[in-house]
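Undergrad: Structure incoming, see below.
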Amino acid sequence: MTPTSSPALPGSSLTAERRLRELGRLADGGADGVVDVLVVGLGATGAGAALDAATRGLTVAAIDAHDLAFGTSRWSSKLIHGGLRYLASGQLDVAHESAVERGILMERTAPHLVRAQPFVLPLTPLVSRGQAALARAGFLAGDLLRVGARTSRGTLPQPRTLSAVETRHLAPALRPTGLRGGLLSWDGKLSDDARLVTAIARTAAAYGARVLTRTRALELHRDGALVRDETTGQELRIHARAIINATGVWAGGLVDDVRLRPSRGTHLVLRSEDLGRLSAGLHIPIPGEANRFVLVLPQGDGRVYVGLTDEPVDGDVPDVPEVPETDIGFLLDVLGSALDVTVHRADVVGAFAGLRPLLDTRDAGGRTADISRKHAVLTSPSGVVTVVGGKLTTYRRMAQDAVDAAVAAGGLTAGPCRTASVPLVGAARPRVLSGLDVAPRLLHRYGSEAPAVQALGLEDPTLARPVVDGHPVTGAELVWAVRHEGALDTSDLLDRRTRIGLVPDDRSAAEGAARDALARTAPVR
Numbered sequence: 031m032t033p034t035s036s037p038a039l040p041g042s043s044l045t046a047e048r049r050l051r052e053l054g055r056l057a058d059g060g061a062d063g064v065v066d067v068l069v070v071g072l073g074a075t076g077a078g079a080a081l082d083a084a085t086r087g088l089t090v091a092a093i094d095a096h097d098l099a100f101g102t103s104r105w106s107s108k109l110i111h112g113g114l115r116y117l118a119s120g121q122l123d124v125a126h127e128s129a130v131e132r133g134i135l136m137e138r139t140a141p142h143l144v145r146a147q148p149f150v151l152p153l154t155p156l157v158s159r160g161q162a163a164l165a166r167a168g169f170l171a172g173d174l175l176r177v178g179a180r181t182s183r184g185t186l187p188q189p190r191t192l193s194a195v196e197t198r199h200l201a202p203a204l205r206p207t208g209l210r211g212g213l214l215s216w217d218g219k220l221s222d223d224a225r226l227v228t229a230i231a232r233t234a235a236a237y238g239a240r241v242l243t244r245t246r247a248l249e250l251h252r253d254g255a256l257v258r259d260e261t262t263g264q265e266l267r268i269h270a271r272a273i274i275n276a277t278g279v280w281a282g283g284l285v286d287d288v289r290l291r292p293s294r295g296t297h298l299v300l301r302s303e304d305l306g307r308l309s310a311g312l313h314i315p316i317p318g319e320a321n322r323f324v325l326v327l328p329q330g331d332g333r334v335y336v337g338l339t340d341e342p343v344d345g346d347v348p349d350v351p352e353v354p355e356t357d358i359g360f361l362l363d364v365l366g367s368a369l370d371v372t373v374h375r376a377d378v379v380g381a382f383a384g385l386r387p388l389l390d391t392r393d394a395g396g397r398t399a400d401i402s403r404k405h406a407v408l409t410s411p412s413g414v415v416t417v418v419g420g421k422l423t424t425y426r427r428m429a430q431d432a433v434d435a436a437v438a439a440g441g442l443t444a445g446p447c448r449t450a451s452v453p454l455v456g457a458a459r460p461r462v463l464s465g466l467d468v469a470p471r472l473l474h475r476y477g478s479e480a481p482a483v484q485a486l487g488l489e490d491p492t493l494a495r496p497v498v499d500g501h502p503v504t505g506a507e508l509v510w511a512v513r514h515e516g517a518l519d520t521s522d523l524l525d526r527r528t529r530i531g532l533v534p535d536d537r538s539a540a541e542g543a544a545r546d547a548l549a550r551t552a553p554v555r
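31 is the number of the first residue of the sequence shown in my numbering; add one for each residue after it.
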């Protein structure tokens with residue numbers, strides 16, 4: 031099943047003017063200032079809850095203290111997993127749910143943002159024949175998950191065994207000595223996790239949700255919240271019949287009795303030329319670990335991500351997690367176990383870390399890697415619904431369960447969940463997208479809106495040029511982000527609407543272009 035085209039959904043554009051207008055209406059306190067559902071947090075789950083509630087016919091306001099995808103949702107591996115890891119650990123329900131949600135994204139709601147990604151597990155001397163047999167059985171079991179989720183073979187090809195020659199053809203940087211071959215598997219890969227969140231939020235806005243960034247929740251109450259406009263410092267009350275707390279690792283700061291064990295996942299950013307031509311991602315086994323791998327993820331933009339770690343985090347939760355040198359050293363060591371090229375510390379041009387909001391179940395010992403990724407929906411005595419745990423792939427199901435709980439807690443009348451069949455902004459049938467005369471890269475990021483983005487560069491040739499040498503993002507994309515995607519400052523543009531900011535040197539070089547995009551003609555409504 032594939033979606034119909036949704037180029038430029040009416041009402042989907044997020045602008046600074048729209049934000050001020052809708053915040054003002056909520057501040058008035060009249061009938062228009064009371065919503066059915068207030069969602070706090072605009073990561074994937076919060077934006078998903080706003081879309082779910084709005085498509086059920088409920089009135090919605092969704093707020094975030096910072097920006098869309100400011101927290102964990104922009105720090106992922108950019109993968110839409112089918113649940114193989116959870117199958118290996120016996121979490122059959124989580125594995126099946128992941129496979130189902132992967133299929134929904136790839137075939138119904140966001141085929142422009144999610145596509146099949148090949149991965150090679152190289153059979154090096156560090157991988158015994160017994161381990162190789164187990165891995166191959168695991169990939170075949172993962173293919174059965176695909177069948178059970180009713181995802182077509184055309185969407186995700188079948189796993190198979192590779193010869194040593196085929197393996198090095200896909201990944202020439204692998205060390206040839208002792209290489210017996212490889213195992214080829216497939217999973218879903220996002221063009222960009224923050225772009226997914228932006229698409230979800232814009233689609234929610236098209237269905238009437240008020241999407242308000244830079245709006246911090248100070249207190250949550252049964253009938254709403256005290257919030258502060260972070261751009262002006264003004265405080266106001268938003269009245270709501272039900273509240274969903276989707277703030278991830280910060281959830282415990284707004285609601286008592288939510289116990290989390292955050293886990294840090296670190297990725298390195300390398301230049302593509304440092305690893306040669308990679309036609310596939312890599313699963314590199316971690317020595318001494320049965321079911322854990324370091325991923326090598328080519329991005330198609332001159333960069334490669336290498337991750338990820340799974341380390342417990344204690345103490346206060348920072349807005350932007352720092353990457354410790356120990357994580358960098360660990361990832362470089364695992365790379366060195368399989369590659370024929372040496373990647374030095376100086377070759378790491380950027381790094382990022384995200385904190386997973388794992389529910390503290392008290393039964394995983396000291397390892398956050400062993401905590402279940404199953405999500406939980408908790409309703410406090412005051413009626414506030416909190417959703418935690420889970421992962422990016424299952425955001426839609428997490429949102430559905432959270433809205434179900436909010437409807438019950440608030441005594442609301444709502445229709446059934448529709449989001450499994452609601453295409454996100456830019457989604458279209460593959461034959462429609464393939465018929466558009468635009469660069470493939472733009473199709474993978476903007477879908478059916480790609481011609482409109484490209485047109486900005488045709489109208490003004492200065493916008494058609496990349497804003498940084500060696501990175502494909504153009505000035506037109508920055509202007510589009512201001513006019514339609516709610517970007518309010520240079521950080522929104524460089525760190526979330528695009529990912530230029532993952533490399534500090536590139537970020538510095540692009541700041542002038544970002545300021546120019548913000549200073550251009552007032553956004554189109």
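A virtual CB, placed ideally from N, CA and C, is assigned to each residue, including glycine. All values reported here derive from a predicted model rather than from experimental measurement.
#1: Where does residue 182 fall in DSSP's three states?
#2: Going straight from the alpha carbon of residue 244 to that of residue 516, what length do you get?
#3: Leaving out the 5 sequence neighbours to the left and right, which residues in its chain are closer than 7 Å to residue 489 when beta-carbon positions are compared?
#4: Give, in chain order, every unbroken run of the beta strand (DSSP E) that is at least 3 residues long and sits entirely within the stretch 306-362.
#5: Distance, Cα to Cα, residue 412 vs residue 507?
#6: State the CB to CB distance for the pair residue 212 and residue 151, rounded to an integer number of angstroms; the pair is presumed to be in contact (CB under 8 Å).
#7: On a Cα-Cα basis, can you pick out the residue from 237, 112 and 407 that is closest to residue 180?
#8: What separation, rounded to the nearest whole angstrom, lies between the Cα atoms of residue 458 and residue 344?
#9: Taking 8 Å as the limit between beta carbons, can you name the residues of its chain near residue 238, skipping five residues before and five after?
#10: Please give me, in chain order, every unbroken run of the beta strand (DSSP E) with length at least 3 that falls completely inside the stretch 467-541.
#11: If you run the structure through DSSP and keep just helix, strand and coil, what is residue 147?
#12: How big is the Cα-Cα spacing for residue 98 and residue 526?
#13: Please determine if the stretch 449-469 and the stretch 229-236 are in contact, where contact requires at least 3 C-beta pairs separated by less than 8 Å.
#14: Considering only DSSP beta bridges, list what residue 249 is partnered with.
#15: Can you give the Cα-Cα distance for residue 535 and residue 358, rounded to whole angstroms?
#16: For residue 200 versus residue 309, is the C-beta spacing smaller than 8 Å?
#17: For chain B, is any of its Cβ atoms less than 8 Å away from the one on residue 201?
#18: Going straight from the alpha carbon of residue 117 to that of residue 54, what length do you get?
#19: Report yes or no: do three or more beta-carbon pairs, one from the stretch 169-189 and one from the stretch 130-148, lie closer than 8 Å?
#20: Can you give the Cα-Cα distance for residue 280 and residue 195, rounded to whole angstroms?
#21: Per DSSP, residue 298 is paired with what?
#22: In angstroms, rounded to a whole number, what distance separates the CA positions of residue 218 and residue 137?
#23: Starting from residue 303 and walking both ways along the beta strand (DSSP E), at which residues does that stretch end?
#24: My understanding is that residue 384 touches residue 102, with C-beta atoms under 8 Å, so please give their C-beta distance in whole angstroms.
#25: May I ask whether a heavy atom of the ligand ADP can be found less than 7 Å away from the beta carbon of residue 39?
#26: Measure the alpha-carbon distance for residue 146 versus residue 185 and round it to whole angstroms.
#27: If you scan the stretch 38-116 from start to end, which runs of the alpha helix (DSSP H) of 4 or more residues do you find wholly inside it?
#28: Which residue comes first and which comes last in the beta strand (DSSP E) that contains residue 218?
#29: So, helix, strand or coil for residue 545, using DSSP?
#30: When the Cα atoms are used, what is the spatial distance from residue 471 to residue 249?
#31: Could you say which of 443, 505, 480 and 500 lies nearest to residue 86 if we only look at CA atoms?
#32: What does residue 242 pair with, by DSSP beta-bridge criteria?
#33: For the alpha helix (DSSP H) that residue 225 lies in, which residues bound it at each end?
#34: In the DSSP assignment, what residue or residues form a beta bridge with residue 293?
#35: Give every residue of the same chain whose Cβ lies closer than 8 Å to the Cβ of residue 396, excluding the five residues on either side of it in the sequence, and list them in chain order.
TA: Well, looking at it:
#1: In the three-state scheme derived from DSSP, where H, G and I count as helix and E and B as strand, residue 182 is classed as coil.
#2: Within the model, the alpha-carbon separation for residue 244 versus residue 516 is close to 11 Å.
#3: Residues of the same chain with a CB within less than 7 Å of the CB of residue 489, apart from the 5 flanking positions on each side, do not exist.
#4: Correct list: 311-315, 323-328 and 333-337.
#5: The alpha-carbon of residue 412 is positioned some 43 Å away from that of residue 507.
#6: With a beta-carbon spacing of about 6 Å, residue 212 and residue 151 fall inside the 8 Å limit used to define contacts.
#7: Considering only alpha carbons, the answer is 112.
#8: Approximately 44 Å, taken between the alpha carbons.
#9: Once the five neighbours on either side are set aside, the close Cβ partners of residue 238 are 41, 84, 89 and 90.
#10: Here the runs fully enclosed are 496-498 and 501-504.
#11: It is a strand residue.
#12: Whole-angstrom Cα-Cα distance: 8 Å.
#13: In this structure the stretch 449-469 touches the stretch 229-236; the number of beta carbon pairs closer than 8 Å is three or more.
#14: Bridge partners of residue 249: 256.
#15: In a straight line, the C-alpha of residue 535 is about 19 Å away from that of residue 358.
#16: Going by C-beta atoms, residue 200 is nearer than 8 Å to residue 309.
#17: Looking for chain B here will not work: only one protein chain is present.
#18: Between the alpha carbons of residue 117 and residue 54 lies a distance of about 48 Å.
#19: Segments in contact, yes.
#20: Between residue 280 and residue 195, the C-alpha separation is close to 48 Å.
#21: Paired residue(s): 336 and 381.
#22: Looking at the two C-alpha atoms, the distance is approximately 11 Å.
#23: For residue 303, no beta strand (DSSP E) run applies, since DSSP gives it neither H nor E.
#24: The pair is a contact, with the Cβ atoms about 5 Å apart (cut-off 8 Å).
#25: In the structure on display, the ligand ADP does not appear, and there are no ligands present to speak of.
#26: Approximately 7 Å between the Cα atoms of the pair.
#27: For the stretch 38-116, whole alpha helix (DSSP H) runs of length 4 or above, ordered along the chain, are 46-58 and 74-85.
#28: First-last of the beta strand (DSSP E) with residue 218: 212-220.
#29: In the structure shown, residue 545 adopts helical secondary structure according to DSSP, grouped into three states.
#30: So the two alpha carbons sit approximately 42 Å from each other.
#31: Among 443, 505, 480 and 500, the Cα nearest to that of residue 86 belongs to 443.
#32: Beta-bridge pairing links residue 242 to 93.
#33: Boundaries of the alpha helix (DSSP H) harbouring residue 225: 223-236, taken from the DSSP string.
#34: Note: residue 293 sits in a beta bridge opposite 342 and 386.
#35: Annotation note: pLDDT 46 at residue 396 (below 50); position unreliable, coordinate value reported separately. If we look at residue 396 and ignore the five residues flanking it on each side, its Cβ neighbours are 342.
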